[in-house]
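Data block below; observations after.
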Amino acid sequence: MSSLPSQSPADQLASDALRLGSAPASEILAWVERRFGRDAAIASSFGAEDVVLIDLARRHAPSVRVFTLDTGWLPTETHDVIEAIRRRYDIEIEVVRPDAATVERLEASRGLYSFRRSVEERKECCGIRKLEPLRRALSGRAAWVTGLRREQSITRTGVQAIEIDRDNGLVKVNPLVAWSREEVWTWIRRNDVPYNALHDAGYPSIGCAPCTRPVQPGEDERAGRWWWESPEKRECGLHERREGGAGGDSPQAAPQSRRSGDSPRPPHESSSGDSPRPRDEDSSRPGGDEDEPRPWHGVGA
Ligand code: SF4
4 MSSLPSQSPA DQLASDALRL GSAPASEILA WVERRFGRDA AIASSFGAED
54 VVLIDLARRH APSVRVFTLD TGWLPTETHD VIEAIRRRYD IEIEVVRPDA
104 ATVERLEASR GLYSFRRSVE ERKECCGIRK LEPLRRALSG RAAWVTGLRR
154 EQSITRTGVQ AIEIDRDNGL VKVNPLVAWS REEVWTWIRR NDVPYNALHD
204 AGYPSIGCAP CTRPVQPGED ERAGRWWWES PEKRECGLHE RREGGAGGDS
254 PQAAPQSRRS GDSPRPPHES SSGDSPRPRD EDSSRPGGDE DEPRPWHGVG
304 A
């Protein structure tokens with residue numbers, strides 16, 4: 004009797020992405036643990052989503068490493084939460100910094116605040132302080148895990164749970180993609196997860212000090228990031244999504260995984276068409292009526 008041909012790695016990935024597209028974060032992280040283990044890394048900016056992600060990963064993906072990018076402009080409160088998380092979970096956190104000589108050249112030739120002059124100069128600074136260190140941090144990895152949520156901004160509405168990051172040649176996994184800000188904060192409170200003190204001062208999203216400010220009630224969660232630029236430009240490049248490429252292609256759409264005649268459904272769409280909700284089986288999962296979300300707690304990266 005002839006056996007069925009086994010799936011190629013690309014087809015297996017596409018099938019896993021479809022299956023896990025609206026799965027609970029715990030299930031997605033357990034898949035990361037099984038499939039990648041120490042070859043995967045959480046990229047953490049230690050915002051609210053990222054501390055939840057680390058808390059969940061300690062439960063469901065303990066082999067996955069954690070790294071952060073220290074741009075040289077991080078607020079003290081971010082360093083404080085990095086240390087609080089390190090102590091709380093007894094984990095190693097790799098702190099990756101930009102190339103010192105390149106930063107010195109930038110500051111000597113353009114000044115300390117060149118990023119305020121134009122989007123191009125801002126992206127140059129992000130490229131030196133974030134993108135190049137990210138590439139180094141991801142070198143040799145097979146997958147990276149982020150705390151991106153679709154709700155965060157108009158630049159993130161298309162994010163999927165499992166994507167192909169062509170720029171870095173990796174699988175990119177976003178277990179909290181369907182979570183709301185309220186669910187993130189309910190998780191933090193119920194599980195007493197350490198968080199950045201700036202969230203209590205009106206900063207839903209925290210990056211480099213000179214490029215972050217508090218937001219007003221009703222403003223977009225990322226309105227305090229690069230506030231002098233238009234909203235569709237407010238990404239540093241770490242999670243930029245480009246037409247036909249990089250920041251996150253659905254594995255189903257990858258040419259090698261597409262079978263003729265197939266019309267793949269995006270992995271975040273359930274078969275019923277319902278919008279996905281996080282469904283963590285942990286008894287402490289968020290969503291209880293007794294938890295009133297705090298007014299301006301949110302975001303990450
Ligand atoms: S967020 Fe601002 S200071 Fe930080 S790397 Fe980007 S432009 Fe430079």
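Counting along the sequence shown from 1, when you hit position 265 you're at 268 in my numbering, and nothing is skipped either side. Positions of the beta carbon are idealized from the N, C-alpha and C atoms, including for glycine.
Beta-bridge annotation (DSSP): Glu97 is paired with Phe70. Residue side-chain check: Phe118 places its Cβ nearer than 6 Å to a non-hydrogen atom of the ligand SF4. Going by beta carbons, Gly150 and Leu56 fall inside the 7 Å limit.
DSSP places Thr189 within a helical segment (H, G or I) once states are collapsed to three.
For the pair Leu179 and Arg152, the CB atoms are nearer than the 7 Å cut-off. Put simply, of Pro65, Pro12 and Ala46 the residue whose alpha carbon is nearest the alpha carbon of Leu32 is Pro65. Apart from the 5 residues on each side of it in sequence, Ser183 sits with its Cβ closer than 8 Å to the Cβ of Arg152 and Glu154 in its chain, given in chain order. Residue environment analysis places Leu115 among the exposed positions, since fewer than 16 neighbouring C-beta atoms fall within 10 angstroms of its C-beta. For Lys175, the uninterrupted beta strand (DSSP E) run begins and ends at Leu173 to Val176, by DSSP. Per DSSP, reduced to three states, the secondary structure at Ile131 is helical.
When the five nearest sequence neighbours on each side are left out, the beta carbons in the same chain lying within less than 6 Å of the beta carbon of Phe39 are those of Ala145 and Ala146, in order along the chain. Burial check for Trp34: the Cβ neighbour count within 10 Å reaches 16 or more, so the residue is buried.
For Glu224, same chain residues with a beta-carbon under 8 Å away, outside a window of 5 residues either side, are Glu154, Gln155, Ser156, Arg184, Pro207, Ser208, Val218, Gly301 and Val302 in chain order. Rounded to whole angstroms, the gap between the alpha carbons of Thr81 and Leu16 is 35 Å. At a cut-off of 6 Å, the beta-carbon of Trp76 counts as near the ligand SF4: some heavy atom of the ligand is closer than that.
A direct Cα-to-Cα measurement between Val196 and Val176 gives close to 22 Å.
For Gly50, the shortest C-beta to heavy atom distance toward the ligand SF4 is 6 Å or greater.
Thr160 is classed as exposed because its beta carbon has fewer than 16 other beta carbons within 10 Å across all chains shown. Lys133 has its Cβ nearer than 6 Å to a heavy atom of the ligand SF4. In the structure shown, Arg61 adopts helical secondary structure according to DSSP, grouped into three states. When secondary structure is reduced to three states using DSSP, Glu166 falls in the strand class. Annotated as distal: Phe118 and Val99, with beta-carbon spacing of 7 Å or more. The C-alpha of Leu21 is placed about 42 Å away from the C-alpha of Ala103. If you check the CB distance, Ile45 and Val162 do not come in under 7 Å. Apart from sequence neighbours up to five positions away, the residues of its chain that approach Arg139 with a beta-carbon distance below 8 Å are Val99, ordered along the chain. Here DSSP, grouped into helix, strand and coil, assigns Val35 to helix. Nearest to Ala26 by C-alpha distance, out of Ala181, Thr215, Glu123 and Arg193, is Ala181.
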